[in-house]
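Asker: To start, I am sharing the structure in question, which I have written as structure tokens.
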Amino acid sequence: MIDYSSLLNENIKEVKPSGIRKFFDIANEMDNVISLSIGEPDFKTPWHIREAGIESLQKGRTWYSPNRGFNELREEISTYFSNRFGVSYDSSCEVLVTVGGSEAIDLCLRCLVKNGDEVLIPQPSFVCYEPLTVMAGATPVIIETKSENEFRLTKEEVLSHITDKTKLLILPYPNNPTGAVMRKSDLEEIAKIAIERNILVLSDEIYAELTYGDEPHVSISSLKGMKERTIVVSGFSKAYAMTGWRLGYTLGPKEIVDAMTKLHQYGIMSAPTTAQYAAIEALKNGYDDIKSMRDEYDMRRRLIVGGFRKMDMDCFEPMGAFYVFPCIKKTGLSSEEFCTRLIESKRVAVVPGTAFGDCGEGFVRVSYSYSIKHIQDALARIESFLREI
Amino acid sequence: MKKLLELLSENARLTTTELSFLLNEPEEKIKAQIAEYEEKGIIKGYRTLINWEKVPNAGVTALIELKVTPKKETGFDEIAQSVMSFDEVESVYLIAGVYDLAVFVKGNTIQEVASFVSKKLSALDSVISTATHFLLKRYKDGGVSFAETEREEDKRGLIL
């Protein structure tokens with residue numbers, strides 16, 4: 000008998016399975032469950048974008064693309080980012096097309112950090128940063144953001160976690176699971192520290208287009224002195240409802256993007272060709288789609304925040320992504336207990352805040368990437384659950 | 000507030016509180032606006048979409064094409080008025096094309112509808128000819144899919 004556990008890499012053994020999974024699996028085995036647990040758009044990819052993918056297949060464009068992605072796509076990405084967020088990247092060497100934003104995060108970590116380096120990871124946040132940091136051989140240093148700061152990352156929090164070994168700060172805003180955003184003034188304080196302490200920033204801006212209210216998303220790369228030390232990760236999944244196409248990109252200094260391209264070239268070769276043709280169409284003619292989907296999410300966001308507040312749940316107003324992160328401490332239950340009892344007694348699936356870091360205790364993540372009717376029904380069930388406990 | 004009308008046309012059971020969240024307007028303003036729409040006849044009523052095929056002995060529906068001679072002064076309006084005054088008639092539309100009025104008629108049986116068409120509709124002065132089509136299956140109505148096979152499930156899986 001082979002003892003596989005002795006064969007597995009020590010780092011992968013340390014990596015815990017994702018905590019979002021569990022409730023989804025429970026929900027899948029029950030009937031009549033209303034889920035508010037999914038973290039992807041419920042919209043389908045706009046038809047003209049799908050058509051561009053189909054057309055490329057009909058024309059037989061089924062080969063690999065250049066390693067960095069098609070030139071036309073990189074040019075479009077560069078134009079888009081400059082128009083939307085005011086930072087210009089050279090499409091020939093500062094843009095890399097990846098398999099989703101996730102690949103870019105992985106590449107970035109593996110190209111930048113080594114054993115002994117520390118990576119600052121604000122939590123609650125998406126589940127991939129910590130495991131990928133561990134697999135890259137570095138040490139994750141968790142920063143617990145606070146609900147009283149609406150889960151923004153503060154200057155003090157960063158300063159109190161910096162050591163001589165700190166190499167990289169991950170900046171996951173707009174944030175999954177909290178819906179928090181960082182305003183320009185918040186980013187300026189972080190940028191100042193990054194520059195003074197010579198820290199690089201990996202800015203995961205996958206939800207940038209899903210920012211609500213009058214103040215638009217600001218990329219930290221647009222601040223003075225930051226373009227040279229920021230690696231921006233984004234993609235098509237959330238903005239254009241293209242999750243299944245698996246297409247993302249990274250923007251950063253040439254030397255870092257070159258290194259990431261090398262790793263991408265050996266590990267992945269090139270991002271999916273069909274998806275790239277669709278993405279060119281998305282960037283050329285898809286901005287109205289973004290706007291109409293954003294408006295729809297915004298309506299649902301107000302419905303769900305209003306609904307929770309009416310039930311007397313503490314719920315700060317999320318200004319980004321498609322999640323609300325209500326506090327459930329009043330119920331006296333832990334996040335996990337709350338979610339288990341909610342699904343067992345009312346058949347509503349939400350995700351415990353602890354899936355996104357220990358500091359998510361006392362909160363649950365509720366996705367509003369669902370129809371109004373669906374949200375209405377789920378809220379009614381949650382309300383009756385709260386009355387009964 | 001066209002958006003208010005759009006939301007209500009999709010789901011008339013949204014409460015004014017919910018509408019006030021969705022539209023980011025005070026509830027009082029929503030209430031006043033709905034009252035105004037009702038007053039002006041923009042909102043004509045609130046009904047339920049029922050899949051009658053699932054209800055036993057719910058009867059039959061037919062689409063009747065009517066060719067008519069328009070009147071000198073009143074055009075098609077007068078004849079449309081006469082047609083719509085029958086209780087059996089569900090809806091009446093003036094059509095541009097090979098015929099003039101599209102009339103939806105409900106009855107308990109095919110025979111009943113057929114007899115209504117021949118005895119009542121055809122008997123009207125201005126009616127030149129009729130063609131009756133019985134509805135066999137309702138796939139979509141009022142923007143809602145009625146076909147069981149077409150019902151779309153949430154196929155999104157959770158990957159993390």
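These protein sequences, in sequence, are chains Z and Y.
Here the first sequence is numbered in numbering that gives the first Met the number 0, starting from 0 and rising by one per residue.
Here the second sequence is numbered in numbering that gives the first Met the number 0, starting from 0 and rising by one per residue.
Backbone N, C-alpha and C fix where the C-beta goes; we use that ideal spot for every residue, glycine too.
Values in this document were obtained by computation on a predicted structure and should not be read as measured data.
With three or more C-beta pairs closer than 8 Å as the rule, is the segment 79–93 of chain Z touching the segment 102–114 of chain Z?
Answerer: Output reads no: the segment 79–93 of chain Z does not touch the segment 102–114 of chain Z.
Asker: What distance in whole Å lies between the Cβ atoms of Z:Ile-230 and Z:Leu-201, which are believed to be in contact at a cut-off of 8 Å?
Answerer: Your numbering for residue 201 of chain Z matches position 202 in the first sequence. Your numbering for residue 230 of chain Z matches position 231 in the first sequence. About 5 Å; that satisfies the 8 Å criterion.
Asker: How long is the line joining the alpha carbons of Z:Phe-389 and Z:Ile-169, rounded to whole angstroms?
Answerer: Since the displayed chain Z opens at 0 and closes at 388, residue 389 of chain Z lies outside it and no answer follows.
Asker: Are the C-beta atoms of Y:Phe-75 and some chain Z residue less than 7 Å apart?
Answerer: As a working note, residue 75 of chain Y is residue 76 in the second sequence. So no, Y:Phe-75 is outside the interface.
Asker: Out of Z:Ala-281, Z:Val-232, Z:Leu-378 and Z:Phe-324, which has the shortest C-alpha to C-alpha gap to Z:Leu-72?
Answerer: Within the first sequence, the letter at position 73 stands for residue 72 of chain Z. Ranking Z:Ala-281, Z:Val-232, Z:Leu-378 and Z:Phe-324 by Cα distance to Z:Leu-72 puts Z:Ala-281 first.
Asker: Where does Z:Ser-81 fall in DSSP's three states?
Answerer: As a first step, residue 81 of chain Z must be located in the first sequence, where it is residue number 82. Helix, per DSSP.
Asker: Is the segment 40–49 of chain Z in contact with the segment 234–242 of chain Z, if contact means three or more CB pairs nearer than 8 Å?
Answerer: Contact between the segment 40–49 of chain Z and the segment 234–242 of chain Z is present, because at least three Cβ pairs lie under 8 Å.
Asker: When the Cα atoms are used, what is the spatial distance from Z:Phe-324 to Z:Gly-18?
Answerer: As a first step, residue 324 of chain Z is located in the first sequence; it is residue number 325 there, counting from the start. As a first step, residue 18 of chain Z is located in the first sequence; it is residue number 19 there, counting from the start. Their Cα atoms are separated by approximately 16 Å.
Asker: Please state whether the Cβ-Cβ distance between Z:Cys-326 and Z:Phe-362 is less than 7 Å.
Answerer: In the first sequence, the residue the question calls residue 326 of chain Z occupies position 327. In the first sequence, the residue the question calls residue 362 of chain Z occupies position 363. Their beta carbons are under 7 Å apart, which means Z:Cys-326 touches Z:Phe-362 by this criterion.
Asker: Note down, in chain order, all residues in the segment 10–33 of chain Y with a beta-carbon under 8 Å from any beta-carbon belonging to chain Z.
Answerer: Against chain Z - using a Cβ distance shorter than 8 Å - the residues of the segment 10–33 of chain Y are Asn-10, Leu-13, Thr-16, Glu-17, Ser-19, Phe-20, Leu-21, Leu-22 and Asn-23.
Asker: List, from N- to C-terminal side, the alpha helix (DSSP H) runs of 4 residues or more that fit wholly inside the segment 41–76 of chain Z.
Answerer: Here the runs fully enclosed are 46–57.
Asker: If the cut is a Cβ gap below 8 Å, which residues of chain Z does Y:Arg-155 touch?
Answerer: On the second sequence, position 156 is the one that residue 155 of chain Y refers to. Within chain Z, the residues near Y:Arg-155 are Ile-37, Glu-39 and Asp-41.
Asker: Using C-beta distances below 8 Å, list every residue in its chain close to Z:Val-157, excluding the 5 sequence neighbours before and after it, in chain order.
Answerer: By one-based count along the first sequence, residue 157 of chain Z stands at place 158. Excluding residues within five positions, the ones whose Cβ falls inside 8 Å are Leu-119, Ile-142, Leu-168, Ile-189 and Ile-192.
Asker: Hey, is Z:Met-292's beta-carbon within less than 7 Å of any beta-carbon in chain Y?
Answerer: By one-based count along the first sequence, residue 292 of chain Z stands at place 293. Z:Met-292 does not count as touching chain Y.
Asker: Is the beta carbon of Y:Tyr-36 less than 7 Å from the beta carbon of Y:Ile-29?
Answerer: As a first step, residue 36 of chain Y must be located in the second sequence, where it is residue number 37. As a first step, residue 29 of chain Y must be located in the second sequence, where it is residue number 30. No, these two residues do not count as a Cβ contact at 7 Å.
Asker: Mind checking Y:Leu-48: buried by the 16 CB within 10 Å criterion, or exposed?
Answerer: On the second sequence, residue 48 of chain Y is found 49 positions in, with the first residue counted as 1. That one is exposed.
Asker: Going by DSSP in three states, Z:Pro-317 sits in which element: helix, strand or coil?
Answerer: Counting from 1 along the first sequence, the entry for residue 317 of chain Z is found at position 318. Of the three classes helix, strand and coil, the one that applies to Z:Pro-317 here is coil, per DSSP.
Asker: Going by alpha carbons, who is nearest to Y:Ala-113 out of Y:Leu-21, Y:Ser-144 and Y:Phe-133?
Answerer: Residue mapping note: residue 113 of chain Y aligns to position 114 of the second sequence, counting from 1. Checked all of Y:Leu-21, Y:Ser-144 and Y:Phe-133; the closest Cα to Y:Ala-113 is Y:Phe-133.
Asker: Have a look at Y:Glu-38 and Y:Tyr-45 and give me their C-alpha separation to the nearest angstrom.
Answerer: For the purposes of this step, residue 38 of chain Y is taken as the residue at position 39 of the second sequence. For the purposes of this step, residue 45 of chain Y is taken as the residue at position 46 of the second sequence. So the alpha carbons of these two residues sit roughly 14 Å apart.
Asker: Between Z:Leu-385 and chain Y, is the shortest Cβ-Cβ distance under 7 Å, so that the two count as touching?
Answerer: Stepping through the first sequence from its first residue, residue 385 of chain Z is reached at position 386. Z:Leu-385 does not count as touching chain Y.
Asker: Short of 7 Å Cβ to Cβ, which residues in the segment 114–141 of chain Z face chain Y?
Answerer: Residues Val-126.
Asker: Measuring CB atoms only, is the segment 1–8 of chain Z touching the segment 267–276 of chain Z, in the sense that at least three cross pairs come out at less than 8 Å?
Answerer: Result no; under three Cβ-Cβ pairs closer than 8 Å.
Asker: Applying the 10 Å Cβ sphere with the 16-neighbour rule, what's the burial state of Y:Ile-94?
Answerer: The sequence position of residue 94 of chain Y within the second sequence is 95, counting from 1. Looking at its Cβ environment, which holds fewer than 16 other Cβ atoms inside 10 Å, Y:Ile-94 is exposed.
Asker: Out of Z:Gly-224, Z:Val-94, Z:Arg-301 and Z:Gln-375, which has the shortest C-alpha to C-alpha gap to Z:Asn-66?
Answerer: To locate residue 66 of chain Z, count along the first sequence from 1; it is residue 67. If we check each option's Cα against that of Z:Asn-66, Z:Val-94 comes out closest.
Asker: Using CA coordinates, which residue listed in Z:Val-14, Z:Asp-203 and Z:Tyr-172 is at the minimum distance from Z:Gly-100?
Answerer: By one-based count along the first sequence, residue 100 of chain Z stands at place 101. Out of Z:Val-14, Z:Asp-203 and Z:Tyr-172, Z:Asp-203 has the C-alpha closest to the C-alpha of Z:Gly-100.
Asker: I'd like to check one pair, Y:Val-82 with Y:Val-102: are the Cβ atoms closer than 7 Å?
Answerer: Working through the second sequence from its first residue, we reach residue 102 of chain Y at position 103. Working through the second sequence from its first residue, we reach residue 82 of chain Y at position 83. For Y:Val-102 and Y:Val-82, yes; Cβs fall inside 7 Å.
Asker: When DSSP labels each residue in this structure, what does Z:Gly-359 get in the three-state scheme?
Answerer: To locate residue 359 of chain Z, count along the first sequence from 1; it is residue 360. Note: Z:Gly-359 maps to helix in three-state DSSP.
Asker: Quick check on DSSP: helix, strand or coil for Y:Lys-1?
Answerer: Indexing the second sequence from 1 puts residue 1 of chain Y at position 2. Helix at Y:Lys-1.
Asker: Three or more C-beta pairs under 8 Å: does that hold for the segment 306–316 of chain Z against the segment 332–347 of chain Z?
Answerer: With the cut-off at 8 Å, the segment 306–316 of chain Z and the segment 332–347 of chain Z do not touch.
Asker: Apply the 10 Å Cβ neighbour rule to Z:Pro-171 and answer buried if 16 or more other Cβ atoms are within range, or exposed otherwise.
Answerer: Here residue 171 of chain Z corresponds to residue number 172 of the first sequence, with the count starting at 1. Buried, since its Cβ has 16 or more Cβ neighbours within 10 Å.
Asker: Taking all protein chains shown into account, do 16 or more other C-beta atoms lie within 10 angstroms of the C-beta of Y:Ala-57, making it buried, or fewer, making it exposed?
Answerer: By one-based count along the second sequence, residue 57 of chain Y stands at place 58. Flag for Y:Ala-57 reads exposed.
Asker: Mind pulling the chain Y residues with CB within less than 9 Å of Z:Met-298?
Answerer: Walking along the first sequence from the start, residue 298 of chain Z turns up at place 299. Lys-2, Leu-6, Phe-20, Leu-21, Leu-22 and Asn-23, listed in chain order.
Asker: Alpha carbon to alpha carbon, how far is Y:Tyr-98 from Y:Val-143? Give it in angstroms, no decimals.
Answerer: As a working mapping, residue 143 of chain Y is identified with position 144 in the second sequence. As a working mapping, residue 98 of chain Y is identified with position 99 in the second sequence. Answer to the nearest angstrom: the Cα atoms are 27 Å apart.
Asker: When the cut-off is 7 Å and only beta carbons count, does Z:Gly-319 lie next to chain Y?
Answerer: Here residue 319 of chain Z refers to the residue found at position 320 when the first sequence is read from its first residue. Not closer than 7 Å to any Cβ of chain Y, the Cβ of Z:Gly-319 fails to qualify, so no.
Asker: Rounded to a whole number of angstroms, what is the C-alpha to C-alpha distance between Z:Lys-164 and Z:Arg-301?
Answerer: The residue you call residue 164 of chain Z lines up with position 165 of the first sequence. The residue you call residue 301 of chain Z lines up with position 302 of the first sequence. Each residue's alpha carbon lies about 42 Å from the other.
Asker: Compare the beta carbon distance of Z:Pro-176 and Z:Phe-355 with 7 Å and say whether it is the shorter of the two.
Answerer: Position 177 of the first sequence, counted from the start, is the residue given in the question as residue 176 of chain Z. Position 356 of the first sequence, counted from the start, is the residue given in the question as residue 355 of chain Z. Yes. Within cutoff.
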